[in-house]
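Working notes, structure below.
Residue numbers (our numbering): 56 to 146.
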């Protein structure tokens with residue numbers, strides 16, 4: 056996956072997070088951490104070395120997947136898909 060495709064996926068997930076309704080306090084905190092990771096990755100796209108050296112708060116991503124699995128299945132699928140891509144890219 057090239058940087059432009061990754062950037063597009065990150066932006067799509069960012070938009071989904073911003074448009075998510077009916078989130079409890081824990082969900083809001085989890086999405087805040089995931090959103091911060093997305094923002095940091097978006098700033099680094101185009102800088103291969105920097106992007107590969109990025110680290111995620113992967114616990115937040117995994118906790119978000121578990122937390123929203125029933126209430127927000129589309130968001131859960133998007134987070135899970137992007138996390139798999141980032142893990143496969145070594146990020």
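Glycine included, every Cβ here is placed at the ideal spot set by N, Cα and C.
Item to complete: List the endpoints of the continuous alpha helix (DSSP H) containing residue 70.
Response: Walking along the chain shown from the start, residue 70 turns up at place 15. Taken as a continuous stretch (DSSP letters only), the alpha helix (DSSP H) holding residue 70 covers 58 to 73.
Item to complete: With a cut-off of 8 angstroms on the beta carbons, I'd call residue 96 and residue 65 a contact; round off their distance for me.
Response: What you label residue 96 is simply residue 41 of the chain shown in a count that begins at 1. What you label residue 65 is simply residue 10 of the chain shown in a count that begins at 1. Rounded, the Cβ-Cβ distance is 6 angstroms, consistent with contact.
Discussion item. Relative to the C-alpha of residue 74, which candidate in 127, 121, 141 has its C-alpha closest?
Written reply: Indexing the chain shown from 1 puts residue 74 at position 19. It is 127 whose Cα lies nearest to the Cα of residue 74.
Fill in: Rounded separation between residue 76 and residue 138 - CA only
What you label residue 76 is simply residue 21 of the chain shown in a count that begins at 1. What you label residue 138 is simply residue 83 of the chain shown in a count that begins at 1. Their Cα atoms are separated by approximately 22 angstroms.
Worksheet entry | Distance between residue 88 and residue 131 (C-alpha atoms, nearest Å) | Along the chain shown, read from residue 1 onward, the residue named residue 131 stands at position 76. Along the chain shown, read from residue 1 onward, the residue named residue 88 stands at position 33. If I take the Cα positions, the gap works out to 15 angstroms.
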